[in-house]
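Just so you know, the sequences run in chain order L and Z.
According to our numbering, numbering within the first sequence proceeds without interruption in unit steps and concludes at 209.
According to our numbering, numbering within the second sequence proceeds without interruption in unit steps and concludes at 418.
The beta carbon of each residue, even a glycine, is placed where N, CA and C say it ideally should be.
First comes the structure, then the notes that go with it.
There are 2 protein chains.
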Amino acid sequence: MTTNSGVPEVVVDRLPQYLRALSQLESSGIDVISSQQLGELLQVTPAQIRKDLSYFGRFGKQGRGYSISHLLGRLRNILGLDQTWNVAVIGVGRLGRSIISYPGFQPEGFRVVCAFDSDSGVVGQVAGGLTVYDFADYAEVAKRENVQIAIVAVPANVAQAVIDDLVAAGVKSILNYAPKSALTPADVRIRNVDPVVSLQSMTYYLSAR
Amino acid sequence: MTTNSGVPEVVVDRLPQYLRALSQLESSGIDVISSQQLGELLQVTPAQIRKDLSYFGRFGKQGRGYSISHLLGRLRNILGLDQTWNVAVIGVGRLGRSIISYPGFQPEGFRVVCAFDSDSGVVGQVAGGLTVYDFADYAEVAKRENVQIAIVAVPANVAQAVIDDLVAAGVKSILNYAPKSALTPADVRIRNVDPVVSLQSMTYYLSAR
DNA sequence: AATTGATTGTAAATAGATTCACAAACAGGG
DNA sequence: CCCTGTTTGTGAATCTATTTACAATCAATT
Ligand SMILES: NC(=O)c1ccc[n+]([C@@H]2O[C@H](COP(=O)([O-])OP(=O)(O)OC[C@H]3O[C@@H](n4cnc5c(N)ncnc54)[C@H](O)[C@@H]3O)[C@@H](O)[C@H]2O)c1
Ligand SMILES: NC(=O)c1ccc[n+]([C@@H]2O[C@H](COP(=O)([O-])OP(=O)(O)OC[C@H]3O[C@@H](n4cnc5c(N)ncnc54)[C@H](O)[C@@H]3O)[C@@H](O)[C@H]2O)c1
């Protein structure tokens, strides 16, 4: 699947891995790395790293390798991470609250700017410093707050309906925590975070066969 | 990558999706489905579903489709989900606690049977009904409790060390929540749950290009 | 300034995954 | 009991991804 321009989706999905490894290398003081070394670190062949990067340009130097800070900058730019992204959380229950106060998003440029629920007992409350809006007002609030990404943390049985509403409101990227694989139009990107699915594929290999 | 027997890893990774969709169909009272219909529901081609299933046997009937309850049984068996799996959680901080009390594991046959931390302020506490053990005693306790799967919820900077210890103790399946891609031997399966990585690949498509 | 050793970027080859396409099988009429 | 309309299971074809292999390039050294 290339889906968009000429870059295969698998390649785009590997870039954040490279980014993370390079970040760590940078903060440990190293400033040049070869595809060989990076590959060892990530369990990926050096050729794959070079080929992946070659979709976007020529970032290395023959005989030396890649300047980590330079490559980091380029990867951030390619992935659109040289800007801040505004995120909305839908569903302010146990999970929604922990997402709102998860400190891992902010440093990576993702800012939770508003939260929504449909329960009148929750709407109007303050959670993690954010006032909870009525999900019925999503389109209006999201526009005002300039939201580009929605995180869905509602019960599975309403997930599809919520996602339909989000799509109708123009959202193009959704991170879905509900254990439900939801349907979206081809131009809307959805990623599922589901630990049970991950466990279920590992047990295949654990089972005697 | 086939990694083990003749079944490609991508195929195994799709089975839990099929399982989940079929479960929902079953509870909504339907009892037969064609690859065509299931494919529409999951945004997958019917041929792919049929080919995936054909790695494991012949579960359908020409002219009719698949008996949902029968196929569910077969998929559960193939994935090793007709047994209960004992899980250990490593790192009893904010995340570790929510994992321990997450109600989504139990119904799918994953039981969190013990929890570990290295902080003496946490060891001995009770969290979600479980006494927290010292991670130094992992091998012993895990053996006694018959643990087959470990969930890692420790800070990124200690994740590799913790995972090395788990591997040394004989763990073959790890679900890692730390934002760190860790190295493991080829016979140890690791899956990462990382919402930031998912977001970072979506922003690629959001960015003007 | 030539030589060495390392490493990139990529074209071509290989391997792997998906889709096509159709014979075989089955249920439900008539 | 024989059509008719479906839908499976799967070999072959196609498409996609990965790996190989090497010329081009660069820094360091003599
Ligand atoms: N993927 C994961 O790691 C993970 C972890 C925990 C929970 N979950 C899932 O996340 C979801 C939420 O879990 P939770 O424990 O927070 O549940 P919860 O019941 O505590 O919270 C759900 C919230 O969604 C709200 N809600 C319901 N319908 C809504 C609608 N139509 N619009 C807006 N808000 C609505 C409810 O009012 C409630 O506040 C569940 O689907 C659960 O299975 C996933
Ligand atoms: N993937 C996700 O969705 C997600 C969400 C939240 C947090 N996280 C990550 O999960 C990890 C934990 O987050 P948290 O908020 O619970 O942090 P936390 O600080 O609250 O908890 C971490 C716990 O790990 C324990 N620990 C430290 N070193 C240990 C060791 N060597 N052995 C055993 N236990 C040890 C600490 O004592 C602490 O109790 C972090 O890496 C965080 O980035 C991931």
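Nearest to residue i (by Cα), restricted to the options the options
i	options	result
valine 87 of chain L	L/Glu108, L/Val113, L/Ala153 and L/Gln17	L/Val113
alanine 365 of chain Z	Z/Val253, Z/Ala230, Z/Ser390 and Z/Glu354	Z/Ser390
isoleucine 360 of chain Z	Z/Val241, Z/Leu250 and Z/Asn401	Z/Asn401
glutamine 369 of chain Z	L/Tyr18, L/Gln24 and L/Val7	L/Gln24
proline 195 of chain L	Z/Val405, Z/Ile399, Z/Leu384 and Z/Pro388	Z/Leu384
aspartate 134 of chain L	L/Lys143, L/Glu145, L/Ser120 and L/Ser27	L/Ser120
serine 210 of chain L	Z/Asp373, Z/Pro394, Z/Leu288 and Z/Ala378	Here chain L comprises residues numbered 1 to 209, so residue 210 of chain L is not present and cannot be evaluated.
glutamate 26 of chain L	L/Leu72, L/Gln37 and L/Val162	L/Leu72
lysine 172 of chain L	Z/Asp373, Z/Tyr414, Z/Gly338 and Z/Asp346	Z/Tyr414
Within-8 angstroms CB hit, residue i to chain Z
i	result
tyrosine 66 of chain L	no
glutamine 37 of chain L	no
tyrosine 55 of chain L	no
arginine 111 of chain L	no
leucine 25 of chain L	no
leucine 81 of chain L	yes
proline 195 of chain L	yes
leucine 183 of chain L	yes
Where the beta strand (DSSP E) containing residue i begins and where it ends
i	result
glycine 274 of chain Z	274–276
tyrosine 227 of chain Z	Note, tyrosine 227 of chain Z: premise wrong, no beta strand (DSSP E); alpha helix (DSSP H) at 218–236.
leucine 175 of chain L	173–176
leucine 392 of chain Z	That residue, leucine 392 of chain Z, is in no beta strand (DSSP E); it is neither H nor E in DSSP.
alanine 88 of chain L	85–90
Residue range of the unbroken alpha helix (DSSP H) whose run includes residue i
i	result
alanine 142 of chain L	138–145
leucine 206 of chain L	195–206
arginine 400 of chain Z	Premise fails: arginine 400 of chain Z lies in the beta strand (DSSP E), 398–401, not in any alpha helix (DSSP H).
isoleucine 100 of chain L	94–100
valine 167 of chain L	156–168
aspartate 117 of chain L	Segment 110–117 is the beta strand (DSSP E) holding aspartate 117 of chain L; no alpha helix (DSSP H) there.
alanine 256 of chain Z	255–263
leucine 247 of chain Z	244–251
8 angstroms Cβ cutoff, residue i in contact with chain L
i	result
alanine 297 of chain Z	no
tyrosine 207 of chain Z	Given that chain Z is displayed from residue 210 to residue 418, the structure contains no residue 207 of chain Z and the question cannot be resolved.
alanine 370 of chain Z	no
glutamine 315 of chain Z	no
aspartate 222 of chain Z	yes
arginine 418 of chain Z	yes
arginine 283 of chain Z	no
lysine 352 of chain Z	no
serine 243 of chain Z	no
lysine 381 of chain Z	yes
isoleucine 172 of chain Z	Any question about residue 172 of chain Z goes unanswered here, given that chain Z covers just 210 to 418.
glutamine 357 of chain Z	yes
Check: So does the segment 296–305 of chain Z actually touch the segment 324–337 of chain Z, counting three or more Cβ pairs closer than 8 angstroms?
Finding: Yes, they touch.
Note to self: Does the contact criterion of 3 or more C-beta pairs under 8 angstroms hold for the segment 93–101 of chain L versus the segment 33–50 of chain L?
What the structure shows: At 8 angstroms Cβ cutoff, the stretches do not touch.
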